[in-house]
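Numbering (the numbering used here), first residue to last: 12 to 183.
To start, the structure under review is shown below, and the notes come after it.
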Amino acid sequence: MGVSGAGKTTLLDALAQRMPSGVIQGEFYVDGRPLPASLKSDVDYVRQQDVHLETSTVREALLFSAMLRQPFDVPKSEKLASVEEIIHLLNMDDFADAVVGLPGKGLNVEQRKRLSIGVELAGKPALLLFLNEPTSGLDSQSSKAILALLRKLAAGGLSILCTIHQPSAMLF
């Protein structure tokens, strides 16, 4: 948590080993053990901006991610099944066949955020899901819904690390 410019995104980028520029020095340890170089492939990162192909449906966006990011030897039928699981898990059944559209036209802000989370889950993160300010731009009800979703994912065994800007006590 912190105000704008406090370094939340920089810290998250460094921990996820996804710094777009700059140099990071030092070593990463968890429970006293150095993190493996393969960590980057075991985590997924939901960025603050929800960037999606405007002409695809929610289901198509999830399938595209699953097809590209899950191992080649995973049968297509399993990838399709995982997409349907994600749609159900993220409560996207009602808009799974809706076209994403442009911001302001098409999916609303909360639906776009759910899709962003789903696209990363379609990659089957083995260890951790990073989220950069998942409630930014959302109203209080949508923020509560997204945090309830994150709690649900954590209860299912997925480790989650996120930054948040100006949280309301109501969310926790």
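Just so it is clear, CB atoms sit at the ideal spot from N, CA and C, and this is done for glycine as well.
Residue from the options whose Cα sits closest to the Cα of residue i
i      : options                           : result
Gln81  : Asp104, Ala165, Asn102 and Ala137 : Ala137
Ser93  : Glu38, Ala133 and Thr20           : Ala133
Ala25  : Gly112, Gly16, Gln36 and Ser15    : Gln36
Leu161 : Leu91, Ile97, Ala72 and Gly112    : Ile97
Leu73  : Glu89, Glu95 and Phe83            : Glu95
Ala156 : Leu46, Ser170 and Arg125          : Arg125
Val54  : His176, Val111, Met30 and Ser170  : Ser170
Counted within 10 angstroms of its Cβ, other Cβ atoms place residue i as buried (16 or more) or exposed
i      : result
Met103 : buried
Ala107 : buried
Lys163 : exposed
Thr66  : exposed
Phe141 : buried
His63  : buried
Leu22  : exposed
Tyr40  : exposed
Val85  : exposed
Leu6   : The structure shown does not extend to residue 6, since the chain is modelled only from 12 to 183, so the question has no answer here.
Pro145 : buried
Glu38  : exposed
Gln122 : buried
Val130 : buried
Val69  : buried
Leu158 : buried
Per DSSP, cross-strand counterpart(s) of residue i
i     : result
Pro45 : Tyr40
Thr68 : Val110
Asp55 : Leu140
Report task. Identify every run of the beta strand (DSSP E) within the segment 128-175, keeping only runs that are complete inside it and at least 3 residues long; order them along the chain. Result -> 139-143 and 170-174
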